[in-house]
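Quick notes on the structure that follows.
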Amino acid sequence: DLTEMTSAHGRFSIQDGCGPREARIQTLLPDAWMTEVEKLGHGTRKSDPLSSQQRLEEMVILGLRTIEGIPSSRWNRLSRNHDLISIFGNSEKVKSMVENNLLHLDDSGLRASSQGLMVLDSIVAQLLNVLEKNITEIT
Numbered sequence: 158d159l160t161e162m163t164s165a166h167g168r169f170s171i172q173d174g175c176g177p178r179e180a181r182i183q184t185l186l187p188d189a190w191m192t193e194v195e196k197l198g199h200g201t202r203k204s205d206p207l208s209s210q211q212r213l214e215e216m217v218i219l220g221l222r223t224i225e226g227i228p229s230s231r232w233n234r235l236s237r238n239h240d241l242i243s244i245f246g247n248s249e250k251v252k253s254m255v256e257n258n259l260l261h262l263d264d265s266g267l268r269a270s271s272q273g274l275m276v277l278d279s280i281v282a283q284l285l286n287v288l289e290k291n292i293t294e295i296t
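Take 158 as the starting number for the sequence shown in our numbering and just add one per residue.
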């Protein structure tokens with residue numbers, strides 16, 4: 158399975174998002190992009206591999222914006238078996254967000270409640286801080 162966003166900036170991964178992932182910048186103008194594709198076989202100007210930490214950060218930023226949230230199974234594929242509860246469950250901030258019905262954290266995953274979705278930018282910022290504190294154990 159090959160996944161690629163066709164825009165000036167995008168992410169690229171092979172193997173249904175489980176393989177290596179890259180941040181890519183494409184040639185922006187359609188005519189210039191087509192010329193590069195014809196000449197070079199692609200229109201990619203820059204390609205940088207994403208670290209495990211960057212991929213987990215993306216998962217927090219983007220995954221919580223969905224109803225499903227972040228499934229534990231998906232998280233565990235990248236986090237080297239440091240599950241969501243071990244990363245976020247001991248944080249007083251996260252405990253408070255769970256108690257105030259902004260987040261749900263359990264064995265199935267991490268997801269925002271309908272109330273949490275309304276203040277998600279604030280929640281994500283706090284979760285990224287918690288992740289960064291615990292990231293040395295992951296990488």
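Glycine residues also receive a C-beta, built at the ideal position from the N, C-alpha and C atoms.
Computed from a predicted structure; not experimentally measured.
Quick one: what's got a C-beta closer than 7 Å to S229's C-beta in the same chain, skipping five residues either side? D240, L241, D264, S265 and G266
Contact between the segment 283-294 and the segment 204-217: three or more CB pairs below 8 Å? Counting Cβ pairs under 8 Å, three or more are found: they touch.
Using 8 Å as the cut-off, can you tell me whether the segment 245-259 makes contact with the segment 271-285, which would need three or more C-beta pairs spanning the two stretches below that distance? yes
Which residue comes first and which comes last in the alpha helix (DSSP H) that contains D240? Per DSSP, D240 belongs to no alpha helix (DSSP H) and is neither H nor E.
Just to confirm my understanding: we take I227, look at its own chain, exclude 5 residues before and 5 after, and list those with CB closer than 8 Å. What are they? M216, V217, G220, L221, L241, G266, L267 and R268
Counting C-beta neighbours from all protein chains within 10 Å, is the total for G273 16 or more, i.e. buried, or is it exposed? buried
Are the Cβ atoms of T184 and R202 separated by less than 7 Å? yes
Quick one: what does DSSP say M162 is sitting in, helix, strand or coil? Because the pLDDT of M162 is 40, which lies under 50, any placement of that residue in the model is unreliable, and the number read from its coordinates should be weighed accordingly. If DSSP states are grouped into helix, strand and coil, M162 belongs with coil.
Go ahead and label L276 buried or exposed: buried means 16 or more other beta carbons lie within 10 angstroms of its beta carbon, across all protein chains shown. At residue 276 the sequence reads Val, which differs from the Leu that was named. By the neighbour-count rule (16 or more Cβ atoms within 10 Å), V276 is not buried but exposed.
For V255, tell me which candidate among R231, G200 and I280 has the shortest Cα-Cα distance. I280
Residue from I182, R231, L262 and Q210 with nearest C-alpha to F245: L262
Just curious, the alpha helix (DSSP H) that D188 is in, first and last residue? P187 to L197
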